[in-house]
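Everything below concerns the one structure shown next.
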Amino acid sequence: MLIRHLLAGAAMALTATGALAQDDGEPLKVGFVYVGPIGDGGWTYEHEQARLALVEEYGDRIETVYQESVPEGADAERVLTQMALSGTDLIFTTSFGYMDPTINVAQKFPDVNFEHATGYKRADNVATYSSRFYEGRAVIGHIAGKMTETNKIGYIASFPIPEVIRGINAAYIAASEANPDVEFNIVWAYTWFDPAKEADAAQALIEQGADVILQHTDSTAPLAAAEQAGGVVGFGQASDMAEYKPSPRVSSIIDNWAPYYIERVGAALDGTWESKDTWGGIDTGMVEIGEMTDAIPEDVRQEAQDLADSISSGEYHPFTGPLNYADGTEWLAEGETADDETLLGMDFYVEGIDAEIPN
Amino acid sequence: MDLSSINWLLLIAALMVGATPILLAAIGELVVERSGVLNLGVEGMMITGAICGFAVAVKTGSPALGFLGGALGGAVLSLVFGLLTQVFLSNQVATGLALTLFGLGLSALMGQSYVGIRPPATPKLDLGPLSDIPVLGPILFRHDPMIYISILIVALVWAVLFRTRAGLILRATGESAEAAHALGYRVIRIRLLAIACGGALAGLGGAYLSLVRVPQWTEGMTAGAGWIALALVVFASWRPWRVLIGAYLFGGLTVLQLNLQAAGMKMPVEYLSMSPYIITILVLVLISSGRGRISTSAPAALGRTFHAST
Chain A
0 MLIRHLLAGA AMALTATGAL AQDDGEPLKV GFVYVGPIGD GGWTYEHEQA RLALVEEYGD
60 RIETVYQESV PEGADAERVL TQMALSGTDL IFTTSFGYMD PTINVAQKFP DVNFEHATGY
120 KRADNVATYS SRFYEGRAVI GHIAGKMTET NKIGYIASFP IPEVIRGINA AYIAASEANP
180 DVEFNIVWAY TWFDPAKEAD AAQALIEQGA DVILQHTDST APLAAAEQAG GVVGFGQASD
240 MAEYKPSPRV SSIIDNWAPY YIERVGAALD GTWESKDTWG GIDTGMVEIG EMTDAIPEDV
300 RQEAQDLADS ISSGEYHPFT GPLNYADGTE WLAEGETADD ETLLGMDFYV EGIDAEIPN
Chain B
0 MDLSSINWLL LIAALMVGAT PILLAAIGEL VVERSGVLNL GVEGMMITGA ICGFAVAVKT
60 GSPALGFLGG ALGGAVLSLV FGLLTQVFLS NQVATGLALT LFGLGLSALM GQSYVGIRPP
120 ATPKLDLGPL SDIPVLGPIL FRHDPMIYIS ILIVALVWAV LFRTRAGLIL RATGESAEAA
180 HALGYRVIRI RLLAIACGGA LAGLGGAYLS LVRVPQWTEG MTAGAGWIAL ALVVFASWRP
240 WRVLIGAYLF GGLTVLQLNL QAAGMKMPVE YLSMSPYIIT ILVLVLISSG RGRISTSAPA
300 ALGRTFHAST
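Quick note, the sequences are listed as chains A and B, same order. The first sequence runs 0 to 358 under numbering that gives the first Met the number 0. The second sequence runs 0 to 309 under numbering that gives the first Met the number 0.
See below:
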């Protein structure tokens, strides 16, 4: 009996080895290039969490390496070349500024596959991926519109690029549908990460009457400022920022890269990896809405959840007409939805936002 | 644009809070440079002070001990610089830059387990009826104690440098180390003390950032404040009260710029953001032009290595 068990065990072990042998006998080596420190609590932190999820999922079948705080530009090219030379099979480059270095290095190493986040240049061995963060912004925009009592919503923006402008528009459209009197005050911080400046920006907005703060910068400093001011709510950005629950952080947009990374590494393991463009939203799990706390009234929580569900099912698009450009001319007619190309290059505000985009 | 939506009283109060970290770091660097040493590691000492102060405050639950811890952390790190440049006679510029890089790395390492934690709140000083005075109350009398302490420190630095014998000796060391040495003063010891003092003040500024202004710990949270402090010393042409004015000006422009944006002012904010640096460059140009009184204000022995044998 015992011997039979042992034999069965040995046979299973042999089969397992056989399966591994199909993957060349060696684990797949996956590399990650990060723009910030893994402890930034936002963007890079979430990519690192996804890497850890990969390790959890595939265990010994893969080996992962990463490098943090890699400057965008020539340094990135050196890091990528080094990674490719050291036998990495699949490399994820996780910031917009790595676009050209990724393409350059990919040309030199046709046998290595690359995945570039938030870019638009592809090659046979370079895929691109990003998330439809604007879907999440529509949901928190709705909550913001419902929760503001002063009708003033403060928005801390980073850089005037389509990604950020799209977020402002999506949030404004949802907020003004929830509350037609709502007004957006936008402050450009010209940084992704500077806790002191973000705190100052939040404070300036609060002092001018905003009681809801939305942010498109990466630190938790605006939430700390909201907490100090009292009676002001905000949302987690990129990461859950759960330490500010239940208020001021009443919900959050979480970038969840794990499902995508697991799918793509799985494809690389099966040998079915190919270059493509992915722009995943709430439906793919790449954009998550963090827990809505009790600080949000019950009915608003329900509405926000319904909104998220209808976006996820494809029933509703956050950019659905009638929508006008800021100057009042028509952009989308009744029932029309925005196409991806316009969204990807978005450089205008929708009607109702009383501000100008800096250039 | 709706300027009336800006609350100018709160703006001035916010400006004082925003300026305090660079004020503390700059007044510390002023003492160091007055003794003839150029320490470019302010950023590194600030961020080390930020994490040391944060860690101590979280462990003990006392913000006051946290500030002491921050000052101590900055001082210890600055003594590494002191040892290298004063005893082993290494190049001050290179060592200072290395200190910044080292401080950033060290703080990231020390701070691993402190991400996402909230520090104990620093209470505002209760000044009773004073804080209810209209106009002056919100501007001057509703702050945390560190704001007042920072102004006291500026006064103290001024008094010591220009009204005491010890200050005279320190300045003499900065003007001509050889002369001070010939008179029997211990140049190395004086400079080490000045370096430690500068490190402690930079650390205090960092702790103010992580305990009051932000308040939280995040890697790299000083985001260049140390470099602004260095520019500020030049801007102030090595005078304590001008450092105070300069710090409020630098801090004020950032806060003002954000407030104008929030009020919907349509102007390129980049110009306001860069204006402090332009002024600093102008001061540098004036100093190096060799004309006017300002050109003689830099300590003559600044950045020069001293050894008793020379």
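Virtual Cβ for every residue (Gly too), placed ideally from N, Cα, C.
Beta carbon proximity, A:D22 to chain B, threshold 8 Å: Counting from 1 along the first sequence, the entry for residue 22 of chain A is found at position 23. Legend: pLDDT at A:D22 = 47, less than 50; position of this residue unreliable, value from coordinates given subsequently. Contacts with chain B at 8 Å (Cβ-Cβ) do not include A:D22.
Whole-Å CB distance - B:A195 paired with B:W237, under 8 Å assumed: Residue 195 of chain B sits at position 196 when you count from the first residue of the second sequence. Residue 237 of chain B sits at position 238 when you count from the first residue of the second sequence. The C-beta separation of B:A195 from B:W237 comes to about 19 Å, leaving the pair out of contact by the 8 Å criterion.
Within chain A, partners of B:T253 - CB distance below 9 Å: One-based indexing of the second sequence puts residue 253 of chain B at position 254. Chain-order list of chain A residues neighbouring B:T253: A195, K196, D199, by C-beta distance under 9 Å.
Local Cβ density within 10 Å of A:K361, reported as buried at 16 or more and exposed below that: A question about residue 361 of chain A goes unanswered here, because the residues of chain A that appear run from 0 up to 358.
B:N90, enclosing beta strand (DSSP E) - first and last residue: Within the second sequence, residue 90 of chain B is the residue found at index 91, counting from 1. Per DSSP, B:N90 belongs to no beta strand (DSSP E) and is neither H nor E.
Span separating the alpha-carbon of A:G279 from that of A:M285: Position 280 of the first sequence, counted from the start, is the residue given in the question as residue 279 of chain A. Position 286 of the first sequence, counted from the start, is the residue given in the question as residue 285 of chain A. About 6 Å.
Residue-chain proximity (B:L9, chain A), Cβ-Cβ < 8 Å: For this step, residue 9 of chain B is matched to residue 10 along the second sequence. Flagged as an interface residue toward chain A: B:L9, by a C-beta distance shorter than 8 Å.
Meets three-Cβ-pair contact criterion under 8 Å: the region 180 to 197 of chain B and the region 26 to 40 of chain B: Enough Cβ pairs lie closer than 8 Å, so yes.
Chain-order list of residues whose beta-carbon lies under 6 Å from that of A:A177 (same chain, five-residue window excluded): Here residue 177 of chain A refers to the residue found at position 178 when the first sequence is read from its first residue. For A:A177, where only same-chain residues beyond five positions count, the Cβ hits under 6 Å are H141, G144, K145.
Beta-carbon proximity list for A:G41, same chain, < 6 Å, skipping 5 on both sides: Locating residue 41 of chain A in the first sequence gives position 42, counting from the first residue. Cβ-Cβ distances below 6 Å link A:G41 to D217, A237, S238 in the same chain, with the five nearest sequence neighbours on each side left out; the list follows chain order.
Assumed close pair B:G68, B:A54 - CB separation to whole angstroms, cut-off 8 Å: Residue mapping note: residue 68 of chain B aligns to position 69 of the second sequence, counting from 1. Residue mapping note: residue 54 of chain B aligns to position 55 of the second sequence, counting from 1. So it is a contact: roughly 7 Å between Cβ atoms.
Extent of the continuous alpha helix (DSSP H) to which B:L33 belongs: By 1-based counting over the second sequence, the position of residue 33 of chain B is 34. Residue identity differs from the one stated: residue 33 of chain B is Arg in this sequence, not Leu. Following the DSSP letters along the chain, one finds B:R33 inside the alpha helix (DSSP H) bounded by residues 7 to 33.
Expected contact under 8 Å - CB spacing of A:T190 and A:S157 to nearest Å: Along the first sequence, read from residue 1 onward, the residue named residue 190 of chain A stands at position 191. Along the first sequence, read from residue 1 onward, the residue named residue 157 of chain A stands at position 158. At roughly 6 Å, the Cβ-Cβ gap stays under 8 Å, so A:T190 and A:S157 are in contact.
Near-chain B residues of the region 127 to 153 of chain A - C-beta to any C-beta below 8 Å: Within the region 127 to 153 of chain A, the residues whose Cβ lies closer than 8 Å to some Cβ of chain B are G153, listed in chain order.
Chain-order list of residues whose beta-carbon lies under 6 Å from that of A:P36 (same chain, five-residue window excluded): Taking the first sequence and counting its residues from 1, one reaches residue 36 of chain A at position 37. If the five residues before and after A:P36 are omitted, its C-beta is found closer than 6 Å to the C-beta atoms of E67, S68, all from its own chain and listed in chain order.
Buried/exposed call for A:I205, threshold 16 Cβ in 10 Å: To locate residue 205 of chain A, count along the first sequence from 1; it is residue 206. A residue is called buried once 16 or more other Cβ atoms fall within 10 Å of its Cβ, and A:I205 is buried on that count.
Inter-stretch contact at 8 Å, needing at least 3 Cβ pairs: the region 279 to 289 of chain B / the region 218 to 229 of chain A: These segments do not touch.
Nearest-angstrom Cα separation, counted from A:E242 out to B:A181: Residue mapping note: residue 181 of chain B aligns to position 182 of the second sequence, counting from 1. Residue mapping note: residue 242 of chain A aligns to position 243 of the first sequence, counting from 1. Roughly 60 Å between the two C-alpha positions.
Chain-order list of residues whose beta-carbon lies under 7 Å from that of A:D22 (same chain, five-residue window excluded): Along the first sequence, read from residue 1 onward, the residue named residue 22 of chain A stands at position 23. Confidence in A:D22 is poor, its pLDDT being 47 and thus under 50, which makes the residue's placement too unreliable to answer from.
Proximity to A:G72 [Cα-Cα], best of A:Y97, A:T63, A:G86: Residue 72 of chain A sits at position 73 when you count from the first residue of the first sequence. For A:G72, the nearest C-alpha among the options comes from A:Y97.
CB contact below 8 Å: A:D180 versus chain B: Locating residue 180 of chain A in the first sequence gives position 181, where the first residue counts as 1. A:D180 does not count as touching chain B.
Cut-off 7 Å between Cβ atoms - residues of its own chain near A:F95, not counting five sequence neighbours on either side: Taking the first sequence and counting its residues from 1, the one referred to as residue 95 of chain A is at position 96. The beta carbon of A:F95 sits closer than 7 Å to those of T117, G118, all from its chain and outside the five residues before and after it, given in chain order.
First through last residue of the alpha helix (DSSP H) which encompasses A:Y260: Translated into positions along the first sequence, residue 260 of chain A becomes position 261. In the DSSP annotation of this structure, the continuous segment of the alpha helix (DSSP H) that includes A:Y260 starts and ends at 257 to 269.
Contact with chain A by B:A300, beta-carbon distance below 8 Å: For the purposes of this step, residue 300 of chain B is identified with residue 301 of the second sequence, where counting begins at 1. Look at B:A300: its C-beta is not under 8 Å from any C-beta on chain A.
Host beta strand (DSSP E) of A:H115 (start-end): Translated into positions along the first sequence, residue 115 of chain A becomes position 116. Note, A:H115: beta strand (DSSP E), 112 to 116.
Residue from A:D88, A:L79, A:A137, A:A83 whose Cα sits closest to the Cα of A:R263: Your numbering for residue 263 of chain A matches position 264 in the first sequence. Looking at the Cα atoms, A:D88 is the closest of the given residues.
Continuous alpha helix (DSSP H) assignments of at least 4 residues falling wholly in the region 183 to 208 of chain B: The region 183 to 208 of chain B contains these whole alpha helix (DSSP H) runs: 186 to 207.
Under 8 Å between C-beta atoms of B:L203 and B:G43: As a working mapping, residue 203 of chain B is identified with position 204 in the second sequence. As a working mapping, residue 43 of chain B is identified with position 44 in the second sequence. For the pair B:L203 and B:G43, the CB atoms are not nearer than the 8 Å cut-off.
Pair within 8 Å by beta-carbon distance, B:V75 and B:W216: The count along the second sequence starts at 1 and reaches residue 75 of chain B at position 76. The count along the second sequence starts at 1 and reaches residue 216 of chain B at position 217. Cβ distance not < 8 Å, so B:V75 and B:W216 don't count as in contact.
Pairwise C-alpha distance: A:Y154 and A:P388: Residue numbering for chain A in the displayed model covers 0 to 358; residue 388 of chain A lies beyond these limits and cannot be assessed.
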